[in-house]
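Reviewing the structure listed below.
In my numbering, the protein residues as written are 34 to 217.
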C-alpha cells in the first residue's frame with residue numbers, strides 16, 4: 034500500500050528515494066501510475082548523497098495526482114500516492130471610477146497588484162480574448178496590468194472586461210457607452 038500524501042495545488046512536493054550505493058543514478062527510474070516519468074522543469078531529480086536521490090515536483094497541478102513508484106535496478110518500490118486539492122478560483126470586481134462613458138471617450142482599466150503575479154493573466158472582453166488594435170491596447174509592466182480602449186463605440190465596446198489567470202478572475206462592472214446624439 035502506498036502512503037497517501039495530500040497537498041494543495043501549486044505547492045512543491047519533495048520525495049526521497051533510497052538506493053544502494055552501488056546503483057548508478059541512471060538505474061533509478063521514477064514511475065507515475067506505472068509509466069516512466071522523465072525529469073523536467075516540473076519534476077526535478079537530484080542525487081543528494083551516494084544512497085539518496087531527491088525528487089521535487091514543482092508547483093503541483095491536479096493532473097500530478099497518482100501513484101508514484103521507483104524502479105531501482107528493475108525492482109519496483111512504492112513511494113507515495115499523491116492527492117492534489119485544487120486551489121479555489123477567486124473572483125473579484127475591479128473598481129472603476131465610472132462605468133458609464135460617452136461615445137468616443139477613452140476607457141482605462143488599471144489593475145495594480147502588490148507583487149508580480151505568479152500566474153500570467155489574459156485580457157478578456159465579454160469572455161473573449163482581447164485582440165489589441167489601433168484603438169485597444171493591453172500592457173503589462175511588472176505588477177501593473179492596463180487595458181485602454183480609445184474612441185469608445187456603443188455596443189461594440191460595452192460589457193465586462195476581465196483579467197483572468199488560473200486562480201484569479203478580476204471583472205469590471207458592465208461598461209455602458211452612451212451614443213452621441215445625432216444632430217438633425
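We treat Cβ as the ideally placed atom computed from N, Cα and C, and that holds for glycine.
Residue environment: residue 93 is assigned as buried (16 or more neighbouring CB atoms within 10 Å of its CB, all protein chains considered).
For residue 125, the enclosing beta strand (DSSP E) starts and ends at 123-126. Scanning its chain for C-beta atoms nearer than 7 Å, with the 5 sequence neighbours on each side dropped, one finds around residue 203 the residues 125, 127, 144, 195 and 196, in chain order.
Counting only the Cα atoms, residue 167 lies some 16 Å from residue 156. Residue 140 counts as buried, since no fewer than 16 other beta carbons sit within 10 angstroms of its beta carbon. In this structure, the beta-carbon distance from residue 201 to residue 134 does not fall below 8 Å. Annotation for residue 215: no residue places its beta carbon closer than 6 Å to its own, counting only its chain and skipping 5 residues before and after. Following the DSSP letters along the chain, one finds residue 107 in no beta strand (DSSP E), marked with neither H nor E. Residue pairing by DSSP places residue 159 in no beta bridge whatsoever. Relative to residue 207, the option among 213, 54, 174 and 191 whose CA is nearest is 191.
One Cα belongs to residue 193, the other to residue 151, and the distance between them is close to 24 Å. In the three-state DSSP reduction, residue 34 falls in the coil class, being neither helix nor strand.
Counting along the chain, the unbroken beta strand (DSSP E) around residue 169 starts and ends at 169-174. Rounded to whole angstroms, the Cβ separation of residue 120 and residue 41 is 6 Å, and the two are in contact under 8 Å.
Out of 37, 211, 45 and 170, the CA that lies nearest to the CA of residue 132 is found in 211.
Partner residues in the beta bridge of residue 65, as assigned by DSSP, are 68 and 101. CA-to-CA, the gap between residue 160 and residue 57 works out to about 52 Å. Rounded to whole angstroms, the separation of the alpha carbons of residue 170 and residue 217 is 34 Å.
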